[in-house]
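J.: If you count by mature numbering (1 follows the signal peptide of the UniProt record, and there is no 0), then the sequence shown holds residues -17 to -1, 1 to 121, one letter each, in order.
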Amino acid sequence: MRSAGITLGLTALVAAAFTGCSSDDDQPDYAAICVEPQTQTRVDDDECKDERDYQGSGAGFFWFYMATRSGAHVPAVGARYTMSQGTYTTPQRRDESSGGGSGGSPSIQRGGLSKSGGDIGTISRGGFGHSGKGSSGG
């Protein structure tokens, strides 16, 4: 009977640990969609091949970063996006305790958002530890 109690206790502990892995605290600060800035159209994430920031000119495909806690709407692949909902430059975390400045890099997930569009809070992770693509476009 004692071993059954220990087994149940360990099972509960492991289950709690896995449940913690899927909490909202694990949601990245920003999610990126691959876009073509000249037409302001979302394209398939596979088009973004590196992490270059768009500098306001030139052709190619670039990541467009949207805050995941903003309640923004993600456009479907082929649809236009709204520039006011994000940025072309890699976001930097602000250090609130010192009144500004950089506090390190925020967590960013490149890709993984629904191709048919929808709420930015809906990020498909693809399994434990998946943080999206680590490359982007150009």
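Every residue, glycine too, gets a C-beta built ideally from N, C-alpha and C.
Does Asp36 come out as helix, strand or coil in the three-state DSSP assignment?
T.: coil
J.: Taking the alpha-carbon positions, what's the Gly120 to Asp12 distance?
T.: A caution first: Gly120 carries a pLDDT of 45, below 50, which makes its placement in the model too unreliable to give a value.
J.: Is the separation between the beta-carbon of Ala55 and that of Ile16 shorter than 7 angstroms?
T.: no
J.: Just to confirm the assignment, what range does the beta strand (DSSP E) spanning Cys17 have?
T.: Tyr13 to Glu19
J.: Do Val60 and Asp27 come within 7 angstroms of each other at the CB atom, strictly closer than that value?
T.: Taking 7 angstroms as the Cβ cut-off, Asp27 and Val60 qualify as a contacting pair.
J.: Could you tell me which of Asp29, Ala50, Thr22 and Thr51 sits nearest to Ser40, measuring between CA atoms?
T.: Thr22
J.: In chain order, what residues of the same chain have a beta carbon less than 8 angstroms from the beta carbon of Lys98, not counting five sequence neighbours either side?
T.: Asp27, Ala59 and Val60
J.: Between Arg93 and Ala62, is the Cβ-Cβ spacing less than 7 angstroms?
T.: no
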